[in-house]
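**Student:** Have a look at this one.
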Amino acid sequence: MAGNTTPTDFGNPVINWIDKRLPVFTMMQKEYGVFPTPRNFNYLWNFGAIAMVMLMVMIASGLVLAMHYTADTKLSFNVVERIMRDVDYGWLVRYIHMNGASMFFIAVYVHIFRGLYYGSYKQPRELLWILGVLILLLMMATAFMGYVLPWGQMSFWGATVITNLFSAIPLIGDTIVTWLWGGFSVDNPTLTRFFALHFLLPFVILGVVFLHIAALHVSGSNNPLGIEPKSDKDTVPFSPYYTVKDLFGVCVFLIIYAAFVFYAPNYMGHPDNYTPANPMVTPPHIVPEWYFLPFYAILRSFTIDIVIPFTDIIIISSKLGGVLLMFGSIAMMFILPWLDTSPVRSARFRPLYQKFFWLHLAVCITLGFMGAKPPEGIYTVISQICTFLYFAHYLIVLPLLNKYEKPLPLPPSIHEAILAQKK
Amino acid sequence: MNRFFAALTLATILLAFPAGANEAESQLRTPQGGWPQSGIFGTYDRGALQRGFLVYKQVCAACHSMNLLSFRNLASIGYNEDEVKAIASEYTVTDGPNDEGAMFERPAMPSDRFHAPFPNEKAARAANNGAYPPDLSLIVKARLNGEDYLYSILTGYTAAPEDMKMMPGMNYNDTYPGHQIAMPSPLSGDDLVSYSDGTKATKEQMAKDVTQFLAWAAEPHMEDRKRMGARAIIFLLVMAGIFYAAKRSLWRDLH
Ligand code: HEM
Numbered sequence: 050m051a052g053n054t055t056p057t058d059f060g061n062p063v064i065n066w067i068d069k070r071l072p073v074f075t076m077m078q079k080e081y082g083v084f085p086t087p088r089n090f091n092y093l094w095n096f097g098a099i100a101m102v103m104l105m106v107m108i109a110s111g112l113v114l115a116m117h118y119t120a121d122t123k124l125s126f127n128v129v130e131r132i133m134r135d136v137d138y139g140w141l142v143r144y145i146h147m148n149g150a151s152m153f154f155i156a157v158y159v160h161i162f163r164g165l166y167y168g169s170y171k172q173p174r175e176l177l178w179i180l181g182v183l184i185l186l187l188m189m190a191t192a193f194m195g196y197v198l199p200w201g202q203m204s205f206w207g208a209t210v211i212t213n214l215f216s217a218i219p220l221i222g223d224t225i226v227t228w229l230w231g232g233f234s235v236d237n238p239t240l241t242r243f244f245a246l247h248f249l250l251p252f253v254i255l256g257v258v259f260l261h262i263a264a265l266h267v268s269g270s271n272n273p274l275g276i277e278p279k280s281d282k283d284t285v286p287f288s289p290y291y292t293v294k295d296l297f298g299v300c301v302f303l304i305i306y307a308a309f310v311f312y313a314p315n316y317m318g319h320p321d322n323y324t325p326a327n328p329m330v331t332p333p334h335i336v337p338e339w340y341f342l343p344f345y346a347i348l349r350s351f352t353i354d355i356v357i358p359f360t361d362i363i364i365i366s367s368k369l370g371g372v373l374l375m376f377g378s379i380a381m382m383f384i385l386p387w388l389d390t391s392p393v394r395s396a397r398f399r400p401l402y403q404k405f406f407w408l409h410l411a412v413c414i415t416l417g418f419m420g421a422k423p424p425e426g427i428y429t430v431i432s433q434i435c436t437f438l439y440f441a442h443y444l445i446v447l448p449l450l451n452k453y454e455k456p457l458p459l460p461p462s463i464h465e466a467i468l469a470q471k472k
Numbered sequence: 042m043n044r045f046f047a048a049l050t051l052a053t054i055l056l057a058f059p060a061g062a063n064e065a066e067s068q069l070r071t072p073q074g075g076w077p078q079s080g081i082f083g084t085y086d087r088g089a090l091q092r093g094f095l096v097y098k099q100v101c102a103a104c105h106s107m108n109l110l111s112f113r114n115l116a117s118i119g120y121n122e123d124e125v126k127a128i129a130s131e132y133t134v135t136d137g138p139n140d141e142g143a144m145f146e147r148p149a150m151p152s153d154r155f156h157a158p159f160p161n162e163k164a165a166r167a168a169n170n171g172a173y174p175p176d177l178s179l180i181v182k183a184r185l186n187g188e189d190y191l192y193s194i195l196t197g198y199t200a201a202p203e204d205m206k207m208m209p210g211m212n213y214n215d216t217y218p219g220h221q222i223a224m225p226s227p228l229s230g231d232d233l234v235s236y237s238d239g240t241k242a243t244k245e246q247m248a249k250d251v252t253q254f255l256a257w258a259a260e261p262h263m264e265d266r267k268r269m270g271a272r273a274i275i276f277l278l279v280m281a282g283i284f285y286a287a288k289r290s291l292w293r294d295l296h
């Protein structure tokens, strides 16, 4: 790579000197300056940059919090309150971090559904997509462990419920749970290791984001038409066209974020987390943070034990079944590029896929609402139907569409499509 | 057509399940005039906070601690330095060890925490029929619809319905989940405290004042927060406007 980089003249001797030895400026120029980008992005393409900004915000605010935080079951709750009350602008930093996690998930969920709608996961962007799903998984782990740190009632009981899931694994389940906890219940060793991991994982995410973007810069971006740019007329240099557009998008997103931080900082949180953790008192409803709710609903939708017929030997307990379904729901996203083999990317030209996309989105949102409800009666039934529809989308609908859907004709090129639309 | 279909799906879902989380099954009341601290421009009413502190100090503090507050925090509800010192010095704290290695008693200082009524949870339970009066520092944030809930609890003591079997030592409350609460009605009559500003200390007035005091205690920086929020959002709006204008003019020339 270094061998074939021709030094660029930046008109500044110091920069030229550095660039000759370490071509970071050439690289930035190539990847963010002149990088040819489809000229027809809509505002959904802002959410990658927004997610990036949120990652930075989380790392910065998290670092400040970590300077004042202490991981100890006897201290943590009060230490966090001390940050809120006595550290200069501590309340600000904590509310930024607390609401930032939610905003980060909002940005990434929009980013993912953008990809689903416009077929951004298809050849040649499969690895780019898989790295994205990996980021999502890492974000979930990070957010889950971060939520434990203030050591409120939901911290403790959420951690207990979720770590307990691993006990569903046959034979070694209980050993794994004991190992995760560092003891026989969620306790001080759990808290301290969660803090260490919560500090580490965002930097792992940063590394994967780097790979994600490196892969993006090999394939180039997809666009709302889902066709590859064919000539210079189809693209614009990333800077200034998309840097400025991204800055605008980021500002709008930050306005919404600020509205939460300053005017409704606890709206997305749970009141129970303002009560110190108490292993002796189980809250009436244990609910995870909103961004886990669809997965939580899937987890709880598996309500029967599967037994070997005519015996009472359980092959798959309802708990294990739920866990398998939950991980399966994410596994669907990993294998998606090979489930949907239609050569047409954008849903704009796939009349049937488009309808199923909206149905799928509706199913995911409904699952989210069901995750917040107690697992009983009609809620369980709705969760079960939606869980079925979730998997059916990937395993039945998409393969059938590959066979039977007739896509609309694609435009010859991006700029011709733009011109045609202008007329 | 497809947009219409999409909008319809989303609207159905959002309308079918309003308010995601667990809705409270209990009775909620808002006092007349609402809460001065709610809304975008809401601020605390200093007079109400001081009256509320008096109610806490003379009624609730017999059973409930407020461990997260120090006497010095009272400066931000409008007490001056001497008044804070005077309030603190009504209590004694155990300090030490001194140079001889002995613990000693001294009057509390503004930097000391509020005085807790019981040395530990066991003692608190022993004095309250086995029930534990929770710390009130964060109670408004620790309950759904904090202020309304609290006000409703305090004003919700009525006679139990005929058909309800009350457990011994429990009191009927129309707001508390399950309607049986171990706390005896703390504001059972008017004039439990005498307000120095001439406000009539009715049950409702005391409930309203102490709720406002506890709301402040749970979120003492709320006013700073809203003030800074206005500035941050105006700044972001201006920046968004500038970037939008820049984007428009940049993209206009592109053809
Ligand atoms: C920390 C979280 C993430 C960050 C910071 C991030 C960042 C970015 C950025 C800056 C871009 C390029 C600009 C854009 O398309 O908006 C991008 C593209 C992309 N991302 Fe992400 N991303 C994240 C998570 C994800 C996840 C979870 C997925 C999928 C599951 C994903 C899938 C994609 C795909 C497929 C593209 C190429 C899309 C296209 O150009 O059409 N990303 N990402």
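Protein chains in written order, with this note's numbering: chain A, 50 to 472; chain B, 42 to 296. Using N, Cα and C, we set each Cβ at its ideal position, and we do this for glycine too.
1. Any contact between the region 170 to 179 of chain A and the region 386 to 395 of chain A? By contact I mean 3 or more CB pairs, one from each, below 8 Å.
2. Examine chain B for any beta-carbon lying closer than 7 Å to the beta-carbon of E338/A, and answer yes or no.
3. Alpha carbon to alpha carbon, what distance is there between V279/B and D294/B?
4. For W200/A and chain B, any beta-carbon pair shorter than 7 Å?
5. Could you check where the beta strand (DSSP E) with T133/B kicks off and where it finishes?
6. Please state the DSSP three-state secondary structure of G201/A.
7. When you compare the CB of R399/A with every CB in chain B, is at least one pair closer than 7 Å?
8. Classify I221/A: buried if its beta carbon has 16 or more other beta carbons within 10 angstroms, exposed otherwise.
9. Let's see if you can read the secondary structure: which residues bound the beta strand (DSSP E) around R147/B?
10. Does DSSP put N65/A in a helix, in a strand, or in coil?
11. Could you tell me the alpha carbon to alpha carbon distance between G219/B and M211/B, rounded to whole angstroms?
12. Is there a C-beta anywhere in chain A that falls below 7 Å from the one on A273/B?
13. Which residue or residues does DSSP assign as beta-bridge partners of P85/A?
14. Does C300/A come within less than 7 Å of chain B when only Cβ atoms are used?
15. Give the residues of chain A in contact with R293/B, contact being defined as C-beta atoms less than 9 Å apart.
16. Determine the contact status of K282/A and H464/A, defining contact as a CB-CB distance below 7 Å.
17. Helix or strand or just coil, what does DSSP make of V279/B?
18. Using a threshold of 7 Å, state whether the C-beta atoms of L177/A and A264/A are closer than that.
19. What did DSSP end up calling Q221/B once you bin it into helix, strand or coil?
20. Drop a sphere of 10 angstroms on the beta-carbon of P87/A, count the other beta-carbons inside from all chains shown, and report buried for 16 or more, exposed for fewer.
21. Less than 8 Å between C-beta atoms, sequence neighbours within five positions excluded: which residues of the same chain meet that for L233/B?
22. List the residues of chain B that T324/A touches, going by C-beta distances under 7 Å, in chain order.
23. Using a beta-carbon distance below 7 Å, is F126/A in contact with chain B?
24. Is the beta carbon of T14/B less than 7 Å from the beta carbon of M144/B?
25. Taking 8 Å as the limit between beta carbons, can you name the residues of its chain near P460/A, skipping five residues before and five after?
26. Does I304/A get closer than 7 Å to chain B when you measure Cβ to Cβ?
27. Roughly how many angstroms separate the alpha carbons of K249/B and A157/B, rounded to a whole number?
28. Consider the Cβ of Q312/A: report whether some Cβ of chain B lies at a distance smaller than 7 Å.
29. Measuring only between beta-carbons, confirm whether Y192/B sits less than 7 Å from chain A.
30. Should Y138/A and V310/A be called a contact, given that it needs their Cβ atoms to be closer than 7 Å?
31. Would you grab the beta carbon distance between F345/A and G420/A for me? Rounded to a whole angstrom, and I think it's under 8 Å.
32. Using a C-beta to C-beta distance shorter than 7 Å, which residues of chain A count as neighbours of I81/B?
33. Which value, in whole angstroms, describes the spacing of the CA atoms of A116/B and E122/B?
34. Whole angstroms is fine: what's the gap from D68/A's alpha carbon to M76/A's?
35. Does the structure place the region 151 to 166 of chain A close enough to the region 177 to 188 of chain A that three or more beta carbon pairs sit under 8 Å?
36. Output needed for M103/A: all residues of its chain with C-beta closer than 7 Å, excluding positions within five of it in sequence on either side, in chain order.
**Tutor:** Answer, in terms of the structure:
1. yes
2. no
3. 23 Å
4. no
5. 133 to 136
6. strand
7. no
8. exposed
9. 145 to 148
10. helix
11. 11 Å
12. yes
13. P286/A
14. yes
15. Within chain A, no residue comes near R293/B; the closest Cβ sits about 12 Å away, beyond 9 Å.
16. yes
17. helix
18. yes
19. strand
20. buried
21. V96, Q99, V100, A242, M247
22. A183
23. no
24. An answer regarding residue 14/B cannot be provided, because it is not within the stretch 42 to 296 covered by chain B.
25. L274, I276, A466, A469
26. yes
27. 23 Å
28. Looking at the sequence itself, residue 312/A is Tyr, so the reference to Gln does not match. Closer than 7 Å to some Cβ of chain B, the Cβ of Y312/A qualifies, so yes.
29. no
30. no
31. Correcting the residue identity first, residue 345/A is Tyr in this sequence and not Phe. Going by Cβ atoms, the distance from Y345/A to G420/A rounds to 4 Å, so yes, they are a contact pair.
32. Y312
33. 7 Å
34. 9 Å
35. yes
36. G149, M152, F153, A156
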